[in-house]
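Data block below; observations after.
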Amino acid sequence: YYAMAIGGRSTSAKTYLEKHFDKFAAADADALVQHAVEALNKTTASDQSLSTKNTAVCIISTNNKFREVSGEELQKFLDKLEKKDPEADAAMEEAPAAA
Numbered sequence: 778y779y780a781m782a783i784g785g786r787s788t789s790a791k792t793y794l795e796k797h798f799d800k801f802a803a804a805d806a807d808a809l810v811q812h813a814v815e816a817l818n819k820t821t822a823s824d825q826s827l828s829t830k831n832t833a834v835c836i837i838s839t840n841n842k843f844r845e846v847s848g849e850e851l852q853k854f855l856d857k858l859e860k861k862d863p864e865a866d867a868a869m870e871e872a873p874a875a876a
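To get the working numbering, take the position in the sequence shown, counting from 1, and add 777.
Here is the structure:
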């Protein structure tokens, strides 16, 4: 298992990654980027959207050089994002803060 999420609202991203990690080994770079963007999308409020202005993705590979996904290429992944459930935000806001 080689996926990680840290920071505020990271639980949603971790849940997504845990649910899909079995697909990672056979996935190509594009599929992995889509999974990463989906996981990031789970961490934003329902009234917020990922865009090329607030999202950056880099690919690190043993076969190729480090590269940042261009804005135009990133937009293609953002256009495929699952629609968010506004009720998930309501549940998160109503949950008690950790002590």
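Ideal placement from N, C-alpha and C gives every residue a C-beta, glycine not left out.
Local conformation of residue 859 per DSSP, three classes
Of the three classes helix, strand and coil, the one that applies to residue 859 here is coil, per DSSP.
Enumerate in chain order the residues of its own chain whose CB-to-CB distance from residue 844 is below 6 angstroms, with the five nearest sequence positions on each side excluded.
So the qualifying residues of the chain are 836.
Of the listed residues 780, 831 and 854, nearest to residue 801 (C-alpha basis):
That would be 780, whose Cα lies nearest to the Cα of residue 801.
Which residues DSSP lists as bridging residue 836, in chain order
Note: residue 836 sits in a beta bridge opposite 844.
Buried versus exposed, by CB contacts within 10 Å (16 or more), residue 860
The residue is exposed, with fewer than 16 neighbouring Cβ atoms inside 10 Å.
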